[in-house]
Amino acid sequence: MTKRPRSFGHITPKGTPRPSFNGVKFRSKSECAVAKALETLEWEWEYEPQEFEFVNIRRGNRFYRPDFKAWRKGAPEHYRWIEVKGYFDAPSLTKLRRFARYYPHEACRLTLITDSKIDALFTEPCFRSLLDNKDVEYCPEIWSLKRMEKLGGGV
């Protein structure tokens, strides 16, 4: 019997073919589902189009690349950055905090799509620390991953 690779959250395990849609290979099934949902909603999108550098950071996460840049058709100037997260760990939150501190004009356009229970998310200490960042006024939009997956026709 062949042992199947272990899956961690929504990330595709090594050795497993990456999910794809419209010729784009994604890092996870969830990201693929979000791309399908954006198409259903008639939004245009780019996958991981830009990397943001945190120039004065010497340790830890020095770069952040949002999963999507998306906008309603015909309105690219009103784009949103979209980050798909199965769960929030410390490195993920560090990237988001640094993104908000170094690029506040971009962070205000951020939408988080998560399968965490949204109400519970606001009470998690690590997520609260992101929202309570005194350096910037920052509160991302939060969308449900399950809802996006339904819009996109499932995973």
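When the letters of the sequence shown are read in order and numbered with numbering that gives the first Met the number 0, they come out as residues 0 to 154.
Where a beta carbon is used, it is the ideal one built from N, C-alpha and C, also for glycine.
For the 8 Å CB-CB criterion, Lys72 and Trp42 form a contact. In the DSSP annotation of this structure, the continuous segment of the alpha helix (DSSP H) that includes Ser91 starts and ends at 89-101. Rounded to the nearest angstrom, the gap between the Cα atoms of Tyr102 and Asn21 is 30 Å. Cβ neighbours of Tyr46 within its own chain (closer than 8 Å, five residues either side excluded): Val23, Phe25, Glu30, Ala34, Asp66, Phe67.
Taken atom to atom, the span from the alpha-carbon of Leu37 to that of Arg64 is near 19 Å. A Cβ-Cβ separation of about 4 Å places Ala32 in contact with Glu148 under the 8 Å criterion. For Thr110, same chain residues with a beta-carbon under 8 Å away, outside a window of 5 residues either side, are Arg79, Trp80, Ile81, Glu82, Pro139, Glu140, Ile141, Trp142 in chain order.
Counting the other Cβ atoms within 10 Å of the Cβ of Thr15 gives fewer than 16, which makes it exposed.
The three-state reading of DSSP puts Lys149 in helix, counting H, G and I together. According to DSSP, Ile112 shares a beta bridge with Val83, Trp142. As for any beta strand (DSSP E) of minimum length 3 sitting wholly inside the stretch 34-81, the runs are 42-46, 67-71, ordered along the chain.
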